[in-house]
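Residue numbers (our numbering), protein chains in the order written: chain A, -2 to 221; chain L, -2 to 221. Data block below; observations after.
2 protein chains.
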Amino acid sequence: MKQVRRREVIRTGTTVEQMVRAIADMIVTGAILPGEKLDEITLASRFEVSRTPVREALRELGAMGLVGREPNRSAVVTNVTGTYLHSMFEAMAELEGICARLSAERMTVDERRALELDHRGSMRLVHAGAEEDYAAHNTEFHTRLYRGAHNDHVFEMVTQTRARLAPFRRAQFRLPGRLAKSYEEHDQIVTSIIRADAAAAGQAAYSHVAIVSDASAVFAAAGE
Amino acid sequence: MKQVRRREVIRTGTTVEQMVRAIADMIVTGAILPGEKLDEITLASRFEVSRTPVREALRELGAMGLVGREPNRSAVVTNVTGTYLHSMFEAMAELEGICARLSAERMTVDERRALELDHRGSMRLVHAGAEEDYAAHNTEFHTRLYRGAHNDHVFEMVTQTRARLAPFRRAQFRLPGRLAKSYEEHDQIVTSIIRADAAAAGQAAYSHVAIVSDASAVFAAAGE
DNA sequence: GGAACGGCATCTGTATGCAGGTTGTGAGCG
DNA sequence: CGCTCACAACCTGCATACAGATGCCGTTCC
């Protein structure tokens, strides 16, 4: 009987890593809101496992900075303070600048070509006003920059920072005219990278993200 | 009986967080070498706790990147590959550059004064050839830069990166003439910050760390 | 003599039970 | 009517027990 249940659990494939990703997704996509408590028992029953793996998942999320943990207290989805949020946006701009700069120096011919093609293709989405699709393209675009820097540790830092910022920049493309502006800024970055103009690429990427951060901060303040 | 044992354990005060710090220290100071296996049972008996908290500690160390974890395998002190190590040193230089640049813009009068005083005081250590003491001062010096940037997220990233790099830069001041050179480079950084010359401070800090990284990489390659 | 297979020892992954801390609620007192 | 204190329910932290996986070693067969 016990075995049967275990098999079922394994069938559903709920390992700790999957739980981490699932919960992280919920936080990042806003399914769980900042400040919300993450009760171990509730999560355990939700994922059909015992509390032990849930605890490990929560600890990992804590290390990732997505949830806060205090002794004898439930894990809580981190509600980032205004100043810390600002510091993350600023750090993000710096990191994007680094990635764009290094990409301009190091991207392979193939990477440059793919970046440009993908970018050109996104113009269609701008004209169509396809916010969802453009958001997906945007994620892909930036990931290309992160990879193009050919620096694994920077990649890790920027990826992690982006994950932690995700909850606060969800609706960024809803702002009127933001799509076209984003495309324009992407264009500057791409052009600079193709030209291998590292300084210009870094500057363009920094500004691009810094601007997004301002808009998003305004939105977050107004939206909540 | 059980209670008594528990009390003893609590007396020794071995909580998960303390274990994380203890193990992290062992890794960072080289008491445990990269590639070494971290057996849960051994650690549990060493810290006089059960395997459960040990597992949580290991998971946290894994999230910090200090140990690697694979399914059904012991946790292993991460043996950073050459290219990843290089990427961390490069990232460290970038981060130090950011911190110095922001410090030049944002440090309070008190922070600038303390930085300069501490720096001037370290000349004595250089003359005395006090490598240990200078290393301590050096850590303090850089921490001042990290704090002076007034950006909490950057502070976190740079601190974490430094922790992960620590095992690989232990003997950096043993290299002949390195002390004086370090002081000289610190001097450029301090001077630029006092002058509020952000670009110069950033450049100086970047070069300072990049140089250290080269020397340390050489040492690591030769030493092992 | 070598290779492959099977059994055993060992370690990880998870469930469960228990002790202690935290919080919320209700009764009693001011 | 409000405040305080105590108690109870609940939740976290840890220990222990058990199931599954991995790797090693010895034996056997080719």
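Backbone N, C-alpha and C fix where the C-beta goes; we use that ideal spot for every residue, glycine too. All values reported here derive from a predicted model rather than from experimental measurement.
*Thinking C-alpha only, which one of A:His205, A:Lys178, A:Leu63, A:Tyr203 is nearest Leu30 (chain A)?*
As a first step, residue 30 (chain A) must be located in the first sequence, where it is residue number 33. When only C-alpha atoms are compared, the closest one is A:Leu63.
*asked:* Just checking: is the beta-carbon of Glu76 (chain L) within a distance shorter than 8 Å of some beta-carbon in chain A?
replied: For this step, residue 76 (chain L) is matched to residue 79 along the second sequence. A small fix is needed here, since residue 76 (chain L) is Asn in this sequence, not Glu. Not closer than 8 Å to any Cβ of chain A, the Cβ of Asn76 (chain L) fails to qualify, so no.
*To the nearest whole angstrom, what separates the beta carbons of Leu114 (chain A) and Ala202 (chain A), a pair I think is in contact under 8 Å?*
Here residue 114 (chain A) refers to the residue found at position 117 of the first sequence. Here residue 202 (chain A) refers to the residue found at position 205 of the first sequence. At roughly 19 Å, the Cβ-Cβ gap does not stay under 8 Å, so Leu114 (chain A) and Ala202 (chain A) are not in contact.
*With which residues is Val64 (chain L) paired in a DSSP beta bridge?*
To locate residue 64 (chain L), count along the second sequence from 1; it is residue 67. In the DSSP output, where bridge partners are listed per residue, Val64 (chain L) has L:Val74.
_Since Thr158 (chain A) and His150 (chain L) should fall inside the 8 Å C-beta cutoff, what is the C-beta to C-beta distance between them, to a whole number of angstroms?_
Within the first sequence, residue 158 (chain A) is the residue found at index 161, counting from 1. Within the second sequence, residue 150 (chain L) is the residue found at index 153, counting from 1. In this structure Thr158 (chain A) touches His150 (chain L) by the C-beta definition: roughly 7 Å separates them, less than 8 Å.
*Leu35 (chain L) (DSSP reduced to helix, strand or coil)*: Translated into the one-based positions of the second sequence, residue 35 (chain L) becomes position 38. Correct three-state label for Leu35 (chain L): strand.
_Going by beta-carbon coordinates alone, are Ile190 (chain A) and Ala111 (chain A) separated by less than 8 Å?_
For the purposes of this step, residue 190 (chain A) is taken as residue 193 along the first sequence, with counting starting at 1. For the purposes of this step, residue 111 (chain A) is taken as residue 114 along the first sequence, with counting starting at 1. Against a cut-off of 8 Å, the Cβ pair of Ala111 (chain A) and Ile190 (chain A) comes out as no contact.
*State whether the region 45 to 56 of chain A contacts the region 10 to 28 of chain A, with contact taken as three or more CB pairs (one from each stretch) at a distance under 8 Å.*
Output reads yes: the region 10 to 28 of chain A touches the region 45 to 56 of chain A.
*Residues near Glu108 (chain L) by beta carbon distance below 6 Å, same chain, minus five either side*: Your numbering for residue 108 (chain L) matches position 111 in the second sequence. The beta carbon of Glu108 (chain L) sits closer than 6 Å to the beta carbons of Gly145 from its chain, once the five residues preceding and following it are set aside; these are given in chain order.
*Does the separation of the CB atoms of Ala72 (chain A) and Val17 (chain A) fall below 8 Å?*
Here residue 72 (chain A) is taken as the residue at index 75 of the first sequence, counted from 1. Here residue 17 (chain A) is taken as the residue at index 20 of the first sequence, counted from 1. Result no, Cβ atoms of Ala72 (chain A) and Val17 (chain A) do not sit closer than 8 Å.
_Beta-carbon gap between Val187 (chain L) and His116 (chain L) smaller than 8 Å_ = Within the second sequence, residue 187 (chain L) is the residue found at index 190, counting from 1. Within the second sequence, residue 116 (chain L) is the residue found at index 119, counting from 1. Yes. Within cutoff.
_Listed by chain order, chain A residues near Asn148 (chain L) by CB distance under 7 Å_ = Working through the second sequence from its first residue, we reach residue 148 (chain L) at position 151. Result: Ser84, Glu87, Ala88.
*Does the beta carbon of Val151 (chain A) sit closer than 8 Å to a beta carbon anywhere in chain L?*
The residue given as residue 151 (chain A) occupies position 154 in the first sequence. Output row for Val151 (chain A): interface = yes.
*asked:* Just to check my reading of the structure: Ala207 (chain L) and Ala97 (chain L) have Cβ atoms closer than 8 Å, yes? What is that Cβ distance to the nearest angstrom?
replied: Counting from one through the second sequence, the residue named residue 207 (chain L) turns up at place 210. Counting from one through the second sequence, the residue named residue 97 (chain L) turns up at place 100. Not really, about 13 Å apart at Cβ, beyond 8 Å.
_Tell me the rounded alpha-carbon separation between Gln185 (chain L) and His205 (chain L)._
Numbered from its first residue, the second sequence carries residue 185 (chain L) at position 188. Numbered from its first residue, the second sequence carries residue 205 (chain L) at position 208. Straight-line Cα distance between these residues: approximately 9 Å.
*Measure the alpha-carbon distance for Ile38 (chain A) versus Tyr81 (chain A) and round it to whole angstroms.*
On the first sequence, residue 38 (chain A) is found 41 positions in, with the first residue counted as 1. On the first sequence, residue 81 (chain A) is found 84 positions in, with the first residue counted as 1. The alpha-carbon atoms of Ile38 (chain A) and Tyr81 (chain A) are separated by roughly 30 Å.
*Going straight from the alpha carbon of Ile24 (chain A) to that of Pro164 (chain A), what length do you get?*
For the purposes of this step, residue 24 (chain A) is identified with residue 27 of the first sequence, where counting begins at 1. For the purposes of this step, residue 164 (chain A) is identified with residue 167 of the first sequence, where counting begins at 1. So the two alpha carbons sit approximately 7 Å from each other.
*Contact check, Ala197 (chain L) vs Glu57 (chain A), beta carbons under 8 Å*: Sequence index remark: in the second sequence, residue 197 (chain L) carries index 200 (1-based). Sequence index remark: in the first sequence, residue 57 (chain A) carries index 60 (1-based). The criterion of a C-beta distance shorter than 8 Å is not satisfied by Ala197 (chain L) and Glu57 (chain A).
*My understanding is that Val123 (chain A) touches Ala177 (chain A), with C-beta atoms under 8 Å, so please give their C-beta distance in whole angstroms.*
Sequence index remark: in the first sequence, residue 123 (chain A) carries index 126 (1-based). Sequence index remark: in the first sequence, residue 177 (chain A) carries index 180 (1-based). Sure, about 6 Å apart at Cβ, within 8 Å.
*Between the C-alpha atoms of Val155 (chain A) and Glu67 (chain L), what's the straight-line distance to the nearest angstrom?*
Within the first sequence, the letter at position 158 stands for residue 155 (chain A). Within the second sequence, the letter at position 70 stands for residue 67 (chain L). Using only the alpha carbons, I get a separation of about 24 Å.
_Please state the DSSP three-state secondary structure of Glu45 (chain A)._
Locating residue 45 (chain A) in the first sequence gives position 48, counting from the first residue. Coil at Glu45 (chain A), not helix or strand.
*chain L partners of Arg56 (chain A), CB-CB under 7 Å?*
Looking up residue 56 (chain A) in the first sequence gives position 59. In chain order: Glu53, Arg56, Glu57.
*Does the beta carbon of Tyr81 (chain A) sit closer than 8 Å to a beta carbon anywhere in chain L?*
Your numbering for residue 81 (chain A) matches position 84 in the first sequence. Chain L, which has a Cβ nearer than 8 Å to the Cβ of Tyr81 (chain A), makes this yes.
*Tell me, to the nearest whole angstrom, how far the beta carbon of Val74 (chain L) is from that of Glu33 (chain L); I am working on the premise that it is less than 8 Å.*
Position 77 of the second sequence, counted from the start, is the residue given in the question as residue 74 (chain L). Position 36 of the second sequence, counted from the start, is the residue given in the question as residue 33 (chain L). About 5 Å separates the two Cβ atoms, so the contact holds.
*Under 8 Å, do Phe86 (chain L) and Leu172 (chain L) count as touching if we go by C-beta distance?*
For the purposes of this step, residue 86 (chain L) is taken as the residue at position 89 of the second sequence. For the purposes of this step, residue 172 (chain L) is taken as the residue at position 175 of the second sequence. In this structure, Leu172 (chain L) does not lie closer than 8 Å to Phe86 (chain L) by Cβ.
_Endpoints, the alpha helix (DSSP H) within which Gly118 (chain L) is located_ = Taking the second sequence and counting its residues from 1, one reaches residue 118 (chain L) at position 121. It spans 106 to 125 - the alpha helix (DSSP H) in which Gly118 (chain L) sits, taken as one unbroken run.
*With 8 Å as the threshold, decide whether the Cβ of Ile20 (chain A) is near any Cβ in chain L.*
Working through the first sequence from its first residue, we reach residue 20 (chain A) at position 23. No, because no Cβ of chain L sits closer than 8 Å to the Cβ of Ile20 (chain A).
*Residues in its own chain within less than 8 Å of Val130 (chain A) by CB, not counting five upstream and five downstream?*
One-based indexing of the first sequence puts residue 130 (chain A) at position 133. Residue identity differs from the one stated: residue 130 (chain A) is Asp in this sequence, not Val. For Asp130 (chain A), where only same-chain residues beyond five positions count, the Cβ hits under 8 Å are Leu122.
*Of the residues L:Ser119, L:Ala19, L:Ala41, which one's Cα is nearest the Cα of Glu182 (chain L)?*
Translated into the one-based positions of the second sequence, residue 182 (chain L) becomes position 185. Nearest option by C-alpha distance: L:Ser119.
*Leu99 (chain L) vs Asn148 (chain L) beta-carbon contact at 8 Å*: Counted from its first residue, the second sequence places residue 99 (chain L) at position 102. Counted from its first residue, the second sequence places residue 148 (chain L) at position 151. Cβ distance < 8 Å, so Leu99 (chain L) and Asn148 (chain L) count as in contact.
*asked:* Is there a Cβ of chain L sitting closer than 8 Å to that of Ile95 (chain A), yes or no?
replied: For this step, residue 95 (chain A) is matched to residue 98 along the first sequence. It does: the Cβ of Ile95 (chain A) has a partner Cβ on chain L nearer than 8 Å.
_Collapsed DSSP secondary structure at Thr156 (chain A) in the structure displayed_ = In the first sequence, the residue the question calls residue 156 (chain A) occupies position 159. It is helical.
*Listing by chain order, which chain A residues have their CB less than 9 Å from the CB of Ala201 (chain L)?*
Stepping through the second sequence from its first residue, residue 201 (chain L) is reached at position 204. The premise fails here: Ala201 (chain L) is roughly 17 Å from chain A at the closest Cβ pair, so nothing lies under 9 Å.
*In terms of residues, what are the limits of the alpha helix (DSSP H) holding His134 (chain A)?*
Residue 134 (chain A) sits at position 137 when you count from the first residue of the first sequence. His134 (chain A) -> alpha helix (DSSP H) spans 128 to 145.
*Does DSSP classify Ala202 (chain A) as helix, strand or coil?*
Here residue 202 (chain A) refers to the residue found at position 205 of the first sequence. Reduced to three states, the DSSP call for Ala202 (chain A) is helix.
*Tell me, please, whether the CB atom of Phe165 (chain A) is closer than 8 Å to any CB atom in chain L?*
Position 168 of the first sequence holds residue 165 (chain A). So, not an interface residue.
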